[in-house]
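Residue numbers (the working numbering), protein chains in the order written: chain Y, 319 to 827; chain S, 930 to 1121; chain L, 1218 to 1696; chain W, 1066 to 1179; chain V, 44 to 675. C-beta atoms are modelled at their ideal positions from N, C-alpha and C, and glycine is treated no differently. Predicted, not measured: the structure shown is a model, and the values here were computed from it.
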Amino acid sequence: MEFPLLSTILIAPLVAAFALCFVPKDDREMIRRVAASATIFMLCLTVYAFFNFDTLEGGVQFAEKIPWVADLGVCYSVGVDGISMPLLLLVGVIGISAVYTSWNTEKRPKEFFILLLLLIAGVTGTFIARDLFLFLLSYELFVIPVFIMVLVWGSTKRLPKEFVAMKFIVFLLMGSAFMLVGVVLLYVNAYPAGERTFDFDALRLAGEMGRFSDSFQISTFPLLLLGFGSLLSMFPFHSWSPDGHAAAPTAVSMIHAGILKKLGAYGLIRVGVLLLPVGAKYWSPLIVTTAVMGVLYAAYIVMAQKDLKYIIGYSSVSHMGYILLGIMTLNATSVSGAVANMVAHGMMTALFFSQIGYIYERTHLRSIPELRGLAHYMPHLTIGFMLAGMTSLGLPGLIEFLPEFTIFVGTFGVYPVQALIAIFVIVFTALYVLRLLATLLFGPKDEKYAEIPDEQGASMVPLIVLGVFIVGFGLFPSLLMNVIDCGIEPLAPVFEQIANAPTMMGGVR
Amino acid sequence: MDALLGQVHALVAWAFSLANDYDVPSLIEAGVFFLFAGLALLFACGVIFFRNVVHSALSLTATFICVACLYLSIGADFMGAVQILVYGGAVAVLIVMAIMLTRRDNMAHSNPSRGLFRHAAAAVLTGLFLSGMAAVAILSPFKSAPQSLGDAAPGLADLMLSHYVLPFEVAAVLLLIAMIGAIVLAKGAEER
Amino acid sequence: MDFWAISIEIAITVLMLLTLLVDLLLPKDSDRRAVAFITVIGLVSVFVFSLGQYHLSPSETFYMGLFIADNYSLFFKQLFILGMIFVVLFSLEYAHKFIRYRGEFYSILLSSLLGMCVMASANDFITLFVGLELMTISFYILVGFRMDKAASGEAAVKYLLVGSGSTAVMLYGISLIYGATGSLDFLTICRNIHLFYAAGLAGVVLIMAGFFFKLSAIPFHMWAPDVYQGAPTPVTALLAMSSKAAGLAVFMRVLYVAFPILGTYWMTLLAAASALSMIGGNLMAMKQKDVKRMLAYSSIAQAGYMMAAMASADYAGIKAVMFYATLYLFANVGAFAVLSVVEEERGGTTHAHITGLSEASPMLAAVMTISLVSMAGVPPTAGFAGKIYIFTAAVDYGYVWLAFVGFVMSMMSIYYYLLVVRAMYRDLEPQEEDSARPIVPNFSVRVTALLSAAATLVVGVWPDFLARATNFASQTFMR
Amino acid sequence: MMSFMELFQLATHVGLHHFLLFSAILFAVGLFGLLTKKGLIPLLMCVELMLNAVNINLVAFNHYMPVYDYSGQLMAIFSVAVAASEIAVGVALAFRIYRDHGTVNVDDLDEMKG
Amino acid sequence: MFDFALYHAWLIPLLPALAFLVIGLGTRQDKKKSAIIGITAIGASFLLSLGVVGAVLTKRLVMAAPFVMKTVWAHIGGMDLGMGVLIDSLTAMMLVVVTTVALMVNIYSVGYMEHDPGMGRFFAFLSLFAASMLGLVISLNFLQMYIFWEGVGLCSYLLIGFYYYKISAREAAKKAFITTRIGDFGMLLGILLIQITFGTMDFIELKTLVPQYIWISGTSFLTVIGLLLFIGPIGKSGQFPLHVWLPDAMEGPTPVSALIHAATMVVAGVYLIGRAYFIFAELPIVMNVIAWLGGFTAFFAATIAVTQRPFKRILAYSTISQLGYMMLALGVGSLTASMFHLMTHAFFKALMFLCAGAVIEAMHEEADIFKMGGLRHRMPVTFKCMTIGVAAIAGLPPFAGFFSKDAILAAAAEVSFPLYLLASVTAFMTAFYMSRLLFVAFFGEVRDDCPAQETNAFMRWPLVVLAVLSVISGAWGHFAGFGDWVFYGVHEEEAINWAIAGSSIVLSLVAMWLAYQIYVEKRWSSFQIARRLGVLYDLSYHAYYIDEIYAFIRELAVDKLGRLALWIDTHVVDGVVHGLGRLAKGVGAVLALPQNGDVQRYVAIFYTGVVALVAYSLFYAVKILSVTGGAF
């Protein structure tokens, strides 16, 4: 039997979390060392997996399958394909960054790192799951860690953190309620009782055998969309997200914007589009339009925001709109772009938040007018912000450019008007990002920051790790794209099928 | 007018027919039933409407006894005996005792009721329930066929000690526990 | 007559008498821990013993099939026993502090357990009725067992009055069924076409009303909040898990064994009551400040979930109910264990009392969180798997709307569960520093709490074992 | 429309329906009391009335319907036992309430609500 | 030797890129090492570029027969995205121009930046810029070009904002980036459409595909593409509506202005059109737009330049104006003239900017020309170089500008007389304001407080080299047959049209004479003239208030709308969410209202439920009875 690589990746943070339970709560050094070593271990394994992913062979790799719950037809089935592999890497990268960003947590560090590791384990599980049940199980694992982390380690700005934590969770879970109905419907309709299974491939097979009628798909897809879409912060179901970012501790913001939202997108592809292609096609004009509206709308809101976390929060709503656009355009190009953009945006946002977290931790300020001229004292921080900002506005040579470009290529031919608006928003993105950078970093010296040290040592880790990937994948996109491509390529029949399906506007587009 | 005349006609005809087939046992049976049922209902109303709770308790006992008489009238003699013993005896004593222990002042207005609205609402609800149950009774095409199953007491004993021995034992536990519970609760109340 | 079939009941009765006896023998001023230990040891041995009763052969009955010891009832009995063991364990300190007549307390706990066990096996209305009343009357007493708290007596009175009303209705229903079919035996009734008489139909709904009362389904739920709040915390726990589970067990048997031919008739009612309970229970729980009262409303909703599965009327539904009842038991044990400690230490169970629990005792806070999340049905706790089973069964039967309501409401319910979590974890105001004073629960509470939390998590992540057990029990039931 | 005669005929031939209606009325009276009385003890009395009413049903069915044993009456006997236990507990609780509140009126019992 | 250069042309951008990495990660703190690394890298690139030129000349790699190397950069969603090297005469010319100017500027910067603590950073950015620009030049396809296009944009941003502590610099950098971004948006659209329409972005493949496409589908759709593509150059090369960033860009260090905002980056737009000329040349509407917009920009910028006072600002507007010229040339179909002017302009404009840098540094950051005066005495070398520059831009023979401008005028005259007229007027004005600059700053009396001294050698020698190039490049290009190499379509032998050339020389001389009379002889008071002109002067002085208009639009369409959106989000979208929450709670509270502790009410509700159930059962019973007729 092969070495269970993915299980090891999944279990590492859990083991660390469990081990942390027995570390005395005052031994901060030990606590963070345990947490860090778990994430370093994870990162190493994910990187190993990523570079050992056979792009020629494609398909599901590093697969493991153990029967799990017999009567539900659930298997502990993990594996990665070209779509989930990059996202797993994203988890590894952001995981370690999140731990190091929280390096100086003083308040109840033990519980903090336990919850953080649980959160990381949850998202890992979601991306490697090949079984819908396992997927759901890990998908909602974030609820409690996030809630408690916001509650205890969060910060109150516009709204009290207690309120935000509640809003965050209830909103998302309400969304997932709809999604669960959809999933149960899928599960029940796929096979007759007794043969049922949650296995992704089997469910897809059922779809190919025509078990999901067109009308069923059309009525079920919105349910899934509501669930995954609200996690993806789809306009107008985004309002949990900026507030959540603003109130959450930095590590949670990073994971939330960097991974959780991608989870929604991933779910939408994996469950929504691939299992219910006709349904997806039917709704796609509407969703694409709202996605674009969200892109524009969130970009506008960013213009009026002053709080750094709100800015990045809304900007991530805007960027997620691109991803949704890419997914719902439903062709191979746009979907590959969306998947790549998930990775890109994840890393970019995580970097942004880790930098904001650094400065917030030291000054307890994060409002633009209060922070200025940081470049004088903090060159490393400046580099971090610049890198993140430039990635955010889609500068070529950094990771986000090509995915966005690919989405545009995929979308423009199908939905030209929507794509036009979406592309125009890159101007807005530039505008707000540059405004942010200009005010925050540049301008006259302010003596009050003279005492604040620049990023050094542990606090440099997020910048270095994320920076390496942002630049590396930006300059050599084929490292990333080849993997994604070999995940999308086998889906050609699905897209073929979609191409001939009618939309809500009628006819074939 | 015609309808009224018709009714009168019918009444006359009925009087004649009454003379013709005068079914004495059935009429006696009816008399007994209506007597005791009427009395039972009257006393039951007394339970509710007496101002003095002691009167209510006595009225309740009277109801029980009337019901016991009804039992006897349909041959459920054992049941009637149980009714008189348990309800007419034990329960009534318990209740009177309770009244005595919880009320030591004037008994004149010892049985208060809720307000008018509550009465109205209760009347509506009760009426609905009653009409529902009456409708159920009427709509069910019961094919009643009274028969004699032999003596009730041996029959019951047979059932209780064979078929239903388990519930019987459990009921014993139930009574034991009720006793213990009542003692504990009452004792707890005393030891203030 | 086969005493093997009623061996569990006999054992429990003996144990009950033993506790009474020991209580009498013990000196007046000794604390009654010995009684508690006897109870626990006895129940554990009964539990272990009962494991041996699972069978593949046709089920044993005690006299003419009126009392059936099948796997289904066995499963529920074990559930009740388990719940009782947990409750006795975590209430040791609580009982020591608040319960004056502890010896009798344990006896009456055992008698309620006996009632539940009899109910679970009852195969005719007399046995059912007597068992049900044994349990109910025991609970009347137990609810009023805190002599130092007026609310306890008040709760008992309320429970007694509404409960008597419900008993009368149920009895009325039984009498109508008897009238229509001429029998009180489930197996005879089920073949009787006269169930379609108005009397039969009305009898069914009246019996259902009685059970709805036990399950506290809306609109028969009014007693639950007050009683849950006023009762001693361990008793509340029992009310929430065991009493409800017992009601479910026998309710399913009545519906599936005695009235299967009226399936379409009562399924609609079940679905409606289920939807009402899910919606109303969850909505009403939202503004509660007292955790026990909140759990009462939540238990209304939980009953709604379980009825949703019952409405599907096949073995998957039964299995889902059994699965859910089990995990609900674990969740309740966790929650109430914590609550009893909190009440004992801080004198109450409102949000104000649990504030700062995460600092006073992280372990208790974590257990509480896990339990509540399990009730809400969020992974990785058992509640999630339970909900999947339940609503799969419902959807399979065609109740998509019910599943819809269920999922939406269960996710909405996270709100009020998280309110509790929020109270435990939020930052303390300066004047609340007192709340951070450490609480060190005693060993038995710790064991109970951790066991229940572990069970919740294990079943959540690896539901296979429980699924197999419930499958086994439910399939033999439907056979 | 039924004539008087038929009505009388119906009324005088005492049968199952007489008892059913009687028990329903008795039950309803008890219920009415349960909803309107204030004192706990009168309420318990009303409960007893209701249980008694049901017993009449059972006994009547046992008498009039074609059954072959006394299980209806047996049920009634058990119900009597239960009713007795219930009232015992109820009376004990009345003492509790009286101790706690100085009165046995249930409308004073509203410490818990909402 | 030449082959080596050709086959290693990819090293040309890579070397400065490596220099950027080395400086950025390693030697940033060490000024000297940074400078050496930066100059070495660009010097090597320069040598390689010369080698490439040699290769082009020996192998005759004209535009129709380029040398191509390519590799796959990424394969995604069915698209092959390539990266590669395309070498032809145009590329070679650009390479040499860019590396030359970059090398000169690098050397100059050693002197210019020696007191600045950020010198290491400066060289890093310069190297990065050189890398991006060279990458842009050798691009094989639109995507690659766009990538480096954005890259130069970034460098421009970084370098304009080099003095990050100055708010003006910071704002200028931002403005530059955003304005060009607007252009990039259009260009990106164009590129996307090309990718979607043709399935490739490769210049070589497109060259064969476009004519076929036109043959089949006509030009209407391609016109849209062309116009969209043209928006990019409008932004980058500072054409009319998007020119606003370029004057502000002068906030950067002067070498940067010389390198980026005069000589190289701003011509990227022109270069793009030249590179994709096989598309544009087929689209008459687009060509007209280009020509007229170019002409208008040239004129428009010149009218502004006439009244400006800061040294570099005048040069900036003149750059816009000259870029307009190049566009005009492209629009009228003369790739050769445009590219020729691009080359000469690069040299003399870089020269003038470097002079400006020297002057401003000597004047201790005083930029207003009217506060200077008599500098020719203090800074003779600079003065000479500046004079050469002015002569070149004014189009006086034999300086470089004469040949290239003449070519443009001739091309314009061939196509459209109004355009020619516009170009000529612009030429006149150019000569006027450049002479004004020269005369005001360098002639007259030396002021008492003038601190100016001649600059150091690092700054002086590049000036000299560029001055030489400004003198000879025109003539050399003209006589060595620039047009034989850089041309589109059929190459026509062009001689100087002496009618046009003569008239332009006359115009220039008249303009210079006029300037001399006003600013040196002071025959007419410039203030009087300004007052006379009134509104026109104001308009010109304030650059037609375009900045203000844009600010207003931005305030209205972006900030106000943004605040509106925020309001909507917090009050409507969020309001709905919170409202739903409150609604649920409220419903719960209402539902719990009956729960008032009154046990009899509980009983009543219980029985209400019972009655409802009984009603249901009766309903059912009646239904059954009606079905069965009461028979069982």
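- The alpha-carbon of V:F220 is positioned some 43 angstroms away from that of Y:S456.
- Residues of the same chain with a CB within less than 7 angstroms of the CB of L:G1480, apart from the 5 flanking positions on each side, are A1530 in chain order.
- When the Cα atoms are used, V:I436 and V:S300 turn out to be separated by approximately 17 angstroms.
- With a 10 Å radius around the Cβ and a threshold of 16 neighbouring Cβ atoms, L:Q1519 comes out buried.
- Not a single C-beta of chain L is nearer than 8 angstroms to the C-beta of V:S199.
- According to the DSSP assignment, S:A1021 belongs to no beta strand (DSSP E) but to the alpha helix (DSSP H) extending over 1021-1031.
- Put simply, the stretch 553-565 of chain Y touches the stretch 616-633 of chain Y. At least three CB pairs are less than 8 angstroms apart.
- The contact set of Y:K475 on chain V, defined by CB atoms closer than 9 angstroms, is empty, because the minimum CB distance reaches about 13 angstroms.
- Taking a cut-off of 8 angstroms on C-beta distances, the stretch 124-141 of chain V does not touch the stretch 267-277 of chain V, as fewer than three cross pairs fall below it.
- Under the three-state reduction of DSSP output, L:W1679 falls in the coil class, being neither helix nor strand.
- Taking 8 angstroms as the threshold, the shortest C-beta distance from Y:P385 to chain V does not fall below it.
- Spatial neighbours of Y:S636 in its own chain (CB-CB distance under 6 angstroms, excluding positions within 5 residues in sequence) are listed in chain order as V613, A616, A617.
- Contact with chain Y is found for L:V1625, since one of that chain's Cβ atoms lies less than 8 angstroms from the residue's Cβ.
- Residue pairing by DSSP places V:L129 opposite V:V111 in a beta bridge.
- With 16 or more other Cβ atoms from the protein chains shown falling within 10 Å of its own Cβ, Y:A622 counts as buried.
- In this structure, L:L1306 lies away from L:L1331, with their beta-carbon atoms at least 8 angstroms apart.
- As the crow flies, the alpha-carbon of L:L1581 is around 19 angstroms from that of L:R1510.
- The beta carbon of Y:A330 sits closer than 7 angstroms to those of A356, F359, M360, all from its chain and outside the five residues before and after it, given in chain order.
- At a beta-carbon threshold of 8 angstroms, the residues of chain Y lying near L:N1688 are D389, ordered along the chain.
- Neighbours of S:A1064 across chain V, judged by C-beta separation under 7 angstroms: L661.
- Distances from the CA of Y:A337 to each of Y:R514, Y:D344, Y:G691, Y:I349 were compared; the closest alpha carbon is that of Y:I349.
- Nearest in C-alpha terms to Y:F670, of all of Y:K579, Y:V743, Y:M572, is Y:M572.
- In the structure shown, the three-state DSSP call for Y:L781 is helix.
- In the three-state reduction of the DSSP assignment, Y:G576 falls in the helix class, which pools H, G and I.
- Taking the Cα positions, V:G94 is about 20 angstroms away from V:L61.
- About 6 angstroms separates the CB atoms of L:A1542 and L:L1296; that is less than 8 angstroms, so the two are in contact.
- Looking at the DSSP output, V:L124 bridges to V:A117.
- Non-local C-beta neighbours of L:A1441 in its own chain, meaning closer than 7 angstroms and more than five positions away in sequence, comprise S1433, A1513, S1516, I1517, ordered along the chain.
- According to the DSSP assignment, Y:Y394 belongs to the beta strand (DSSP E) that extends over 392-398.
- Our two residues, V:V309 and V:Y368, have alpha carbons roughly 13 angstroms apart in a direct line.
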